[in-house]
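Visitor:
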Amino acid sequence: MQQADPNLDFQSQIIAAKRQLRAQIPDLKERFEALTRNIEAQVEAIERERTQGLQPVPEVQFSQLDTLDAAQIARIKQRGCVVIRGVFDPARVAQWNADLASYISDNHYLDKQVSKRGIDKYFSALASSKPQIYGIYWSKPQMDARQSVELAQTRRWLNRLWNNLHDGQPVFNPDQECTYSDRVRQREPGDASLGLSPHMDGGSIERWIDPGYQNVFRHVFGGDISQYDPFAAAYRTETHEIPSPAVCSMFRTFQGWTALTPQGPGDGTLNLVPIANAMAWMLLRALQDDIAEDQLCGARAGRALVASPEHHALLLRAYGPIPKVNAGDTVWWHPDTIHGVEDKHLGQGYSNVIYIGAAPDCAKNQAFLAKQRPAFEAGKSSPDFAPEDYEVDFEGRFTPADLTPLGRSQMGYGS
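Structure (structure tokens):
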């Protein structure tokens with residue numbers, strides 16, 4: 023017996039949304055052509071940099087965040103990503119890496135591992151093979167990193183890259199972080215199981231059909247497109263994502279991870295399209311005449327939003343690896359930035375990271391914390407992910423008693 027396709031439930035919404043959007047964009051053809059010229063210029067600049075041996079992903083030192091000039095800030099915002107080096111002391115990170123490995127092995131994680139159908143479903147259009155990211159959320163290394171002063175300072179700086187005002191009122195509190203508990207990656211040399219094709223997280227077809235997202239992209243879908251700013255916070259906390267394992271239901275100013283080991287090109291690590299306004303081009307691309315009325319360039323409900331060679335070849339010319347990073351460095355990318363994972367780890371050492379993004383305090387994120395706290399206390403999986411609940415009986419799990427005052431605040435426990 024065949025299962026019903028859940029996307030059929032959304033086809034009428036897609037058709038209606040596309041008709042509405044096309045009707046309110048009388049200059050759709052000219053608008054898309056102008057935006058294409060803008061993207062082409064950025065792609066060509068990135069290609070030139072790589073040809074010259076330059077790295078298109080901006081790199082800054084943690085110790086110098088408050089001294090960056092306007093040109094450096096502008097480049098980070100244009101590229102939609104940044105490597106921040108030296109956030110943590112390498113010796114401290116080496117201990118985290120060792121402790122995390124022990125936590126996984128001592129609790130026999132691999133013996134208890136159950137079906138990854140929830141994760142596979144989300145990544146079904148992306149994975150070269152099944153993703154082997156560990157469904158671990160509450161280890162002491164992860165929580166120590168999340169509640170660290172260093173990451174609080176880093177994320178405060180990242181949050182403040184955003185234009186946080188809407189109608190004169192702040193959309194979120196850039197100085198207060200909400201903990202979003204994500205997973206870890208431990209990828210051994212020679213591994214070919216984690217390749218993920220270029221994609222975006224945090225919403226797929228929602229970006230066209232959801233009223234909150236339509237407001238986020240109101241300048242793309244009508245009016246003066248030059249007013250579109252990927253870093254404008256207006257309406258970002260009012261979006262509604264279609265529930266699915268691994269779909270983030272928090273508002274993140276940046277996705278990110280902390281490197282536990284050195285890694286770079288060829289080490290089975292992160293690739294990016296360093297173009298912050300690429301999402302605007304993808305939105306208009308799906309409204310062109312060569313895309314069927316009930317289609318959005320392959321976007322599917324409850325999945326990651328795919329950037330495909332068939333529809334997005336221009337953007338994928340800019341797709342490439344991050345620079346080599348060392349243990350204690352962090353990597354950050356705007357939530358609309360196209361990213362993926364190299365198919366194979368061809369390097370010599372482990373490629374390990376803790377996934378930690380920036381999720382500032384706001385009503386949307388507080389609502390998630392209310393769901394996350396009981397999961398934390400019980401050792402269950404984070405609410406956005408498949409309910410595998412490996413850590414319920416794990417020895418050495420981080421508990422509420424281990425939280426610092428900063429950590430308690432970030433988890434929403436109050437004073």
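Add 22 to the 1-based position in the sequence shown for my numbering, that's all there is to it. By construction, the Cβ of each residue, glycine as well, lies at the ideal position given by its N, Cα and C atoms.
Which word fits Y435, buried or exposed, when buried means at least 16 other C-beta atoms lie within 10 angstroms of its C-beta?
Guide: Exposed: under 16 other Cβ atoms inside 10 Å.
Visitor: Entirely within the region 218–243 and at least 3 residues each: give me those beta strand (DSSP E) ranges in chain order.
Guide: Counting only runs of 3 or more, we get 218–222.
Visitor: Over what stretch of residues does the beta strand (DSSP E) that includes G290 continue unbroken?
Guide: From DSSP, G290 is part of no beta strand (DSSP E); its letter is neither H nor E.
Visitor: Cβ of P157 within 8 Å of Cβ of T359?
Guide: The question names Pro, yet the displayed sequence has Gly at residue 157. Taking 8 Å as the Cβ cut-off, G157 and T359 do not qualify as a contacting pair.
Visitor: Along the alpha helix (DSSP H) that carries H334, what are the first and last residues, could you check?
Guide: Element bounds for H334: 331–338.
Visitor: So, with DSSP's three-state summary, where would you put Q432?
Guide: Helix.
Visitor: Could you give the first and the last residue of the continuous alpha helix (DSSP H) run that contains P396?
Guide: 385–400 is the extent of the alpha helix (DSSP H) around P396.
Visitor: What ranges does the alpha helix (DSSP H) occupy inside the region 276–328, keeping only unbroken runs of at least 4 residues that lie completely in it?
Guide: Listed in chain order, they are 300–307.
Visitor: Can K386 and T259 be called in contact, C-beta distance under 8 Å?
Guide: Going by C-beta atoms, K386 is nearer than 8 Å to T259.
Visitor: Should the region 420–431 be regarded as contacting the region 163–182, the criterion being three or more beta carbon pairs within less than 8 Å?
Guide: Contact holds: three or more Cβ-Cβ distances are below 8 Å.
Visitor: Return helix, strand or coil for R207, following the three-state DSSP convention.
Guide: Three-state result, R207: strand.
Visitor: Give every residue of the same chain whose Cβ lies closer than 8 Å to the Cβ of P284, excluding the five residues on either side of it in the sequence, and list them in chain order.
Guide: Same-chain partners within the cutoff: K346, V347, N348, A349, G371.
Visitor: According to DSSP, is V269 helix, strand or coil?
Guide: Note: V269 maps to coil in three-state DSSP.
Visitor: If you reduce the DSSP assignment to three classes, tell me which class R107 lands in.
Guide: Strand at R107.
Visitor: Quick check: what's the CA-CA separation for R404 versus D204?
Guide: Here the sequence assigns Ser to residue 404, which means Arg is not the residue at that position. Near 7 Å, if we compare the C-alpha coordinates of D204 and S404.
Visitor: Output needed for D88: all residues of its chain with C-beta closer than 8 Å, excluding positions within five of it in sequence on either side, in chain order.
Guide: Contacts found: W179.
Visitor: In the DSSP assignment, the alpha helix (DSSP H) including N181 goes from what residue to what residue?
Guide: N181 -> alpha helix (DSSP H) spans 171–181.
Visitor: If you run the structure through DSSP and keep just helix, strand and coil, what is Y156?
Guide: Y156: strand per DSSP, three-state reduction.
Visitor: So, N186 versus F194, is the Cβ gap smaller than 8 Å?
Guide: Contact: yes.
Visitor: For a test of the three-state rule: what should DSSP assign to N185, helix, strand or coil?
Guide: Correct three-state label for N185: strand.
Visitor: Can you give the Cα-Cα distance for H367 and D91, rounded to whole angstroms?
Guide: If I take the Cα positions, the gap works out to 36 Å.
Visitor: Along the chain, where does the beta strand (DSSP E) that runs through A374 open and close?
Guide: Looking at the sequence provided, one finds Asn at residue 374 rather than Ala. Note, N374: beta strand (DSSP E), 373–377.
Visitor: Measure the alpha-carbon distance for D232 versus S330 and round it to whole angstroms.
Guide: Those two C-alpha atoms are separated by around 22 Å.
Visitor: Span of the alpha helix (DSSP H) holding N195?
Guide: Note, N195: premise wrong, no alpha helix (DSSP H); beta strand (DSSP E) at 195–199.
Visitor: Around the Cβ of D415, are there at least 16 other Cβ atoms within 10 angstroms (buried) or fewer (exposed)?
Guide: Its Cβ having fewer than 16 others within 10 Å, D415 is exposed.
Visitor: Note down, in chain order, each residue of its chain lying with its Cβ closer than 7 Å to the Cβ of E399, except the 5 sequence neighbours on either side.
Guide: Hits under 7 Å: P422.
Visitor: State the Cα-Cα distance for the pair G290 and E66, rounded to the nearest angstrom.
Guide: Those two C-alpha atoms are separated by around 25 Å.
Visitor: Who pairs with A380 in a beta bridge, going by DSSP?
Guide: According to DSSP, A380 bridges with F276.
Visitor: Just the C-alpha distance for G429 and V104, rounded to the nearest angstrom, thanks.
Guide: In a straight line, the C-alpha of G429 is about 25 Å away from that of V104.
Visitor: Could you check which residue in L50, E172, V295 has the C-alpha nearest to that of G245?
Guide: Of the candidates L50, E172, V295, the one whose C-alpha sits nearest the C-alpha of G245 is L50.
Visitor: Using only the heavy atoms of the ligand NAP, determine whether one of them is closer than 7 Å to the beta carbon of R325.
Guide: The model on display carries no ligand, and the ligand NAP is accordingly not part of it.
Visitor: Can you check which of these residues, S161, Q317, P112, L43, is closest to S127 by C-alpha distance?
Guide: Nearest C-alpha to S127: S161.
Visitor: With distances taken between CB atoms, is the gap from G342 to N293 smaller than 8 Å?
Guide: Yes. Within cutoff.
Visitor: Where DSSP assigns a beta bridge to G362, which residues make up the other side?
Guide: Paired residue(s): N293.
Visitor: Can you give me the start and stop residues for the beta strand (DSSP E) that Q83 sits inside?
Guide: Q83 -> beta strand (DSSP E) spans 81–83.
Visitor: What residue range is occupied by the uninterrupted beta strand (DSSP E) comprising V65?
Guide: Taken as a continuous stretch (DSSP letters only), V65 belongs to no beta strand (DSSP E), being part of the alpha helix (DSSP H) at 50–73.
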